[in-house]
Structures are given as structure tokens and as C-alpha cells.
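For reference, the structure is listed below as C-alpha cells.
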Amino acid sequence: SERTLAMIKPDGLSGNYTERIKEVITESGFDIVKEAVVRLDAERASLFYVEHSGRSFFDSLVKYMTSGPVLVMVLERPDAILHWRALIGPTDARKAKTSHPNSIRAMCGLDSEKNCVHGSDSPQSAAREISFFFGDARSD
Ligand code: ATP
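Each residue of the sequence shown is one higher than the one before, counting from 24 in this note's numbering.
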């Protein structure tokens with residue numbers, strides 16, 4: 024079994040999509056092994072997305088990610104990382120609506136920034152992001 028970090032971003036929480044997203048999660052065979060509602064400040068949001076710090080959209084991304092609380096979850100199932108990425112759909116929610124109409128971003132996202140959910144993209148980022156929010160403890 025494998026773990027990944029899933030996040031419902033501020034627009035997902037404020038749009039009341041949490042319960043519908045959690046239904047998709049459990050119906051897709053994931054266990055939610057940890058969860059927390061967190062408010063990111065600009066420093067923490069910048070650190071989370073540090074790989075994008077040189078991008079033109081970075082300031083806007085930090086503003087978006089600090090606009091309200093987020094819900095972070097550790098999800099577990101076989102192939103959790105790839106499976107969750109497939110469920111959320113492409114980064115641009117407008118594309119998701121046409122090419123991946125059953126994806127989570129098609130359900131609750133708006134555009135290439137406000138895409139309502141996040142998922143780790145590799146085992147390395149999953150490990151980094153899980154410890155970013157939940158610390159390094161190996162046990163539950
Ligand atoms: P995430 O890392 O949040 O799961 P992702 O891996 O699909 O998303 P990345 O390329 O890592 O996409 O971008 C991280 C986040 O930055 C995106 O989820 C989105 O909120 C924002 N973003 C990405 N591209 C753009 C863009 N062109 N314009 C505005 N915001 C963007």
C-alpha cells in the first residue's frame with residue numbers, strides 16, 4: 024500500500040465540496056488515515072509551492088492558497104499517488120470539464136489556478152508533503 028497527500032484548496036472548502044470529494048475518495052478505495060484543516064500563511068504557502076517560486080503566477084498562487092483554510096489528508100491504498108492524480112484530473116479545470124468530465128477538478132474547479140484540489144506527483148513529493156503537514160512520524 025502507498026500514501027499520498029491530498030488537499031482540498033480554499034475554493035473547494037468554501038464551495039462546500041468537501042463531502043462530495045470525500046465520497047469519491049472512499050468509493051475509490053482510499054483510507055483517509057490523517058486529516059487536518061489548516062490555514063496557510065504566505066510563508067508556508069510559498070514553502071509548499073517553492074518549486075514554482077520563479078513562475079509568473081506564483082504571487083497569485085500564494086494569494087489563492089492563503090485566501091481561506093485548506094483540508095489536508097493522507098490517503099492510503101495501492102498506487103495511491105497515481106490513482107489520486109488520475110481522479111483529480113488535469114491542472115486546468117477548464118480542460119478537465121471537457122476532457123475529464125468525471126474528474127474532481129471538473130466538478131469543483133474553475134481554471135488553471137483555482138482547481139480546488141491537490142495531489143502529490145511522486146513518492147518524493149508525497150513524503151515531503153506528508154511531513155510538511157503531519158511531521159515525520161512513521162506510525163499513526
Ligand atoms: P498541484 O501541485 O496543486 O496538485 P498540479 O501538479 O496539477 O497541481 P502544478 O503545475 O504543480 O499543477 O501547479 C501547482 C498549482 O499552481 C496548480 O494546482 C495551480 O493552482 C497553480 N497553477 C499552475 N499553473 C498555473 C497557471 N498557468 N496559472 C495560474 N496558476 C497556475
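For every residue, glycine included, the Cβ atom is placed at its ideal position computed from N, Cα and C. It should be emphasised that the depicted structure is a prediction, and the values quoted were computed from it without experimental measurement.
| query | What is the DSSP secondary structure of residue 158, reduced to helix, strand or coil? | reply | Correct three-state label for residue 158: coil.
| What first and last residue would you give for the alpha helix (DSSP H) that runs through residue 47? | First-last of the alpha helix (DSSP H) with residue 47: 41 to 50.
| Under the criterion of a Cβ to heavy atom distance below 6 Å, does residue 94 qualify as lining ligand 1? | No; taking the cut-off as 6 Å, the Cβ of residue 94 has no heavy atom of ligand 1 nearer than that.
| request: Please determine, among 132, 29, 50, the residue with the shortest C-alpha to C-alpha distance to residue 114. | output: In this structure, 132 is the residue among 132, 29, 50 with its C-alpha nearest to the C-alpha of residue 114.
| Can you round the beta-carbon distance between residue 98 and residue 43 to whole angstroms, since I take them to be within the 8 Å contact cut? | With a Cβ gap of about 16 Å, residue 98 and residue 43 do not count as contacting.
| Which same chain residues, not among the five before or five after residue 123, have their C-beta less than 8 Å away from its C-beta? | Excluding sequence neighbours, residue 123 sits near 112, 113, 129.
| field | Near ligand 1: residue 39 beta-carbon under 6 Å from a heavy atom | value | For residue 39, the shortest separation between its Cβ and any heavy atom of ligand 1 does not lie below 6 Å.
| For residue 35, which three-state DSSP category applies? | In the structure shown, residue 35 sits in a helix (DSSP, three-state: H, G or I).
| field | residue 32 vs residue 139 beta-carbon contact at 7 Å | value | Yes, the pair counts as a contact, with Cβ atoms nearer than the cut-off.
| field | Same chain, Cβ closer than 6 Å to residue 96, neighbours up to 5 away in sequence not counted | value | Correct list, in chain order: 29, 55, 58.
| field | Closest Cα partner of residue 64 within the set 125, 73, 85 | value | Checked all of 125, 73, 85; the closest Cα to residue 64 is 85.
| task | Whole angstroms is fine: what's the gap from residue 88's alpha carbon to residue 35's? | result | Taking the straight line from one Cα to the other gives about 11 Å.
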